[in-house]
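Undergrad: Residue numbers (full-length UniProt numbering): 1 to 158. For each residue, glycine too, the CB sits at the ideal point set by N, CA and C. I'd like to ask you about the structure that follows.
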């Protein structure tokens with residue numbers, strides 16, 4: 001087989017399929033550049049979150065972060081383990097617990113320093129009561145506003 005015939009056969013096999021043209025008209029390129037993609041629906045439904053905070057002066061005495069940290073201390077048994085579970089530094093967790101305890105008439109946690117037993121933290125009855133009351137207020141707020149929340153989230157893009 002001669003070389004030119006082989007090259008012609010290769011070229012023929014590489015030809016553009018009939019449904020595609022070799023040259024793209026400028027108008028087609030411009031139309032691709034001008035078109036914007038259609039908005040995609042959000043894969044998740046809107047989520048309503050109340051962020052109840054109790055402040056004294058400019059400081060947050062009690063809020064969702066401190067309540068979540070109290071729950072983590074209760075579940076993990078120490079401030080350091082609670083901090084790790086929340087992807088928070090130990091220093092930040094300790095400071096939040098200290099601020100909370102300083103703002104209360106009785107502490108929410110009691111900590112034992114390390115040693116042979118490893119130390120740890122436990123919630124006091126006050127700490128348990130804070131969690132119970134805070135979560136009850138949240139649940140009551142959601143329940144009492146359910147109709148309005150449904151109407152409000154219905155106004156959001158889908």
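Within 10 Å of its beta-carbon, does residue 155 have 16 or more other beta-carbons around it, so buried, or fewer, so exposed?
TA: Working through the chain shown from its first residue, we reach residue 155 at position 155. Answer is exposed; the Cβ neighbour count stays below 16.
Undergrad: Grab me the residues of residue 104's own chain with a C-beta within less than 7 Å of its C-beta, minus the 5 sequence neighbours each way, in chain order.
TA: Residue mapping note: residue 104 aligns to position 104 of the chain shown, counting from 1. Only 126 meet the Cβ criterion.
Undergrad: Can the beta-carbon of residue 93 be found less than 7 Å from the beta-carbon of residue 101?
TA: Walking along the chain shown from the start, residue 93 turns up at place 93. Walking along the chain shown from the start, residue 101 turns up at place 101. For residue 93 and residue 101, no; Cβs fall outside 7 Å.
Undergrad: List the DSSP bridge partners of residue 61.
TA: Looking up residue 61 in the chain shown gives position 61. Residue 61 pairs with nothing; no bridge assigned.
Undergrad: Please return the same chain residues whose Cβ sits closer than 8 Å to the Cβ of residue 46, not counting the five positions on each side in sequence.
TA: Walking along the chain shown from the start, residue 46 turns up at place 46. So the qualifying residues of the chain are 153, 156.
Undergrad: Between the Cα of residue 112 and those of 145, 80, 88, spot the shortest distance and give me the residue it belongs to.
TA: Along the chain shown, one-based indexing puts residue 112 at 112. Among 145, 80, 88, the Cα nearest to that of residue 112 belongs to 80.
Undergrad: Starting from residue 132 and walking both ways along the alpha helix (DSSP H), at which residues does that stretch end?
TA: Counting from one through the chain shown, the residue named residue 132 turns up at place 132. It spans 125-144 - the alpha helix (DSSP H) in which residue 132 sits, taken as one unbroken run.
Undergrad: Which residues bound the beta strand (DSSP E) around residue 111?
TA: As a working note, residue 111 is residue 111 in the chain shown. It spans 109-112 - the beta strand (DSSP E) in which residue 111 sits, taken as one unbroken run.
Undergrad: Once you ignore the five residues that flank residue 72 on each side, which residues in its own chain have a CB closer than 7 Å to its CB?
TA: The residue you call residue 72 lines up with position 72 of the chain shown. The residues are 82, 85, 86.
Undergrad: Could you check the C-alpha separation between residue 96 and residue 66 for me, to the nearest Å?
TA: If you number the chain shown from 1, residue 96 lands on position 96. If you number the chain shown from 1, residue 66 lands on position 66. Taking the straight line joining both Cα atoms gives about 7 Å.
Undergrad: Counting along the chain, where does the alpha helix (DSSP H) carrying residue 91 start and finish?
TA: Against the chain shown, residue 91 aligns to sequence position 91. Looking at the DSSP string, the run of the alpha helix (DSSP H) that includes residue 91 is 90-103.
Undergrad: By DSSP, does residue 73 sit in helix, in strand, or in coil?
TA: The sequence position of residue 73 within the chain shown is 73, counting from 1. In this structure, residue 73 counts as helix in the three-state DSSP scheme.
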